[in-house]
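K.L.:
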Amino acid sequence: MAYENVLTHLENGILTITINRPSKLNALNRATIAELSDAFGAADADAAVQVIIVTGSGEKAFVAGADIAEFADFSVEEGKALSANGQKTLFDKVEQLGTPVIAAVNGFALGGGLELAMSAHVRVASDNARLGLPEVSLGVIPGYGGTQRLAQLAGKGRALELVLTGGMVGAEEAHRIGLVNHVTSLEELLPFCQKMAGKMMKNSPVALASAIRAVNAGFTDGVNGYQSEIDEFGRCFGTEDFKEGTTAFLEKRKANFPGR
Ligand code: COA
316 MAYENVLTHL
326 ENGILTITIN
336 RPSKLNALNR
346 ATIAELSDAF
356 GAADADAAVQ
366 VIIVTGSGEK
376 AFVAGADIAE
386 FADFSVEEGK
396 ALSANGQKTL
406 FDKVEQLGTP
416 VIAAVNGFAL
426 GGGLELAMSA
436 HVRVASDNAR
446 LGLPEVSLGV
456 IPGYGGTQRL
466 AQLAGKGRAL
476 ELVLTGGMVG
486 AEEAHRIGLV
496 NHVTSLEELL
506 PFCQKMAGKM
516 MKNSPVALAS
526 AIRAVNAGFT
536 DGVNGYQSEI
546 DEFGRCFGTE
556 DFKEGTTAFL
566 EKRKANFPGR
């Protein structure tokens, strides 16, 4: 499907989703959020897509935030709806996707941009990246899950420091505090992510989706993560992937997973 603000490219089982509004530093306006939601949904339903890499167009920004021009005159109710709809249609959706999502953070990841990266399952940043949640400088707070996911990834104290100062951290500092998993040069960013995707793709897609659900369960209110792990673990035993994975191991050959 062709989008206005999003490019998709499928190669060797890896779908690269590129947010493509470089003149606005890839800021997330309503149309871009809707297109991203659609692109992620379609990818998850497509068995040919084994891993998704999400990145920004150009060499300057991953995403410089939600589009400030679009919400500057919103009312209380509109503000609330913006946050609720965004969380539901994109940010929670990405986090809960059964297909692994790697964020390739290729520059500024601010506000909604960092929130999108934090919704992904893994983050890799190029050494020019600058990450932060500057919303309080605009008189608002992160609304796409940032107050929650930053605390989960980097701890409550560091999250509060970043949110309250509204400051940015460089890639190395982001790595040190657990906000990104790896730092590479800009040239190496996509090849590095593709290599990581390749390692994921050797595994059972059904088990990957189960693992994502089990890890997410521990961060979901009212859900017992250990119980979810038991349920997901058990569920795997009923899958063709499990039969193939264990049989291949015992037959000393590479598994050929039927998948989802
Ligand atoms: N929403 C809307 N437009 C944005 C944007 C955003 N979050 N971030 C950048 N842009 C636009 C700028 O308005 C500018 O558009 P213009 O050329 O039509 O004037 C264009 O992208 C380039 O940005 P510019 O500010 O000129 O680049 P810079 O290199 O001087 O500064 C940043 C880069 C990232 C420091 C700066 O753009 C910025 O602070 N952006 C807002 C970050 C933010 O507060 N995000 C949280 C939103 S909740």
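So the mapping is simple: the numbering used here equals the position in the sequence shown, first residue as 1, plus 315. For glycine and all other residues, C-beta sits at the position ideal for the given N, C-alpha and C.
In this structure, how does DSSP classify residue 490 when only helix, strand and coil are distinguished?
P.N.:
helix
K.L.:
Tell me whether residue 423 counts as near the ligand COA, meaning its Cβ is closer than 6 Å to at least one heavy atom of that ligand.
P.N.:
yes
K.L.:
Taking residue 344 as the reference, give the member of 451, 427, 535 and 545 with the closest Cα.
P.N.:
A check of alpha carbon separations from residue 344 across 451, 427, 535 and 545 identifies 427 as the nearest.
K.L.:
Can you determine whether any heavy atom of the ligand COA sits closer than 6 Å to the C-beta of residue 350, and answer yes or no?
P.N.:
no
K.L.:
Over the uninterrupted beta strand (DSSP E) stretch that includes residue 485, give me the two end residues.
P.N.:
That run of the beta strand (DSSP E) goes 483-485.
K.L.:
What are the complete beta strand (DSSP E) segments, minimum 3 residues, inside the region 402-445?
P.N.:
416-420, 423-425 and 437-441
K.L.:
Is it the case that the CB of residue 393 approaches a heavy atom of the ligand COA more closely than 6 Å?
P.N.:
no
K.L.:
With DSSP as the reference, label residue 377 as helix, strand or coil.
P.N.:
strand
K.L.:
Less than 7 Å between the beta carbons of residue 504 and residue 443, yes or no?
P.N.:
The Cβ atoms of residue 504 and residue 443 do not sit closer than 7 Å to each other.
K.L.:
Excluding sequence positions up to five away, which residues of its chain have a Cβ less than 6 Å from the Cβ of residue 572?
P.N.:
519, 556 and 559
K.L.:
Less than 6 Å separating the Cβ of residue 383 from some heavy atom of the ligand COA?
P.N.:
At least one heavy atom of the ligand COA is nearer than 6 Å to the Cβ of residue 383, so yes.
K.L.:
Whose CA, out of 574, 335, 405 and 437, lies closest to the CA of residue 517?
P.N.:
574
K.L.:
Hey, how far is the Cα of residue 496 from the Cα of residue 370?
P.N.:
15 Å
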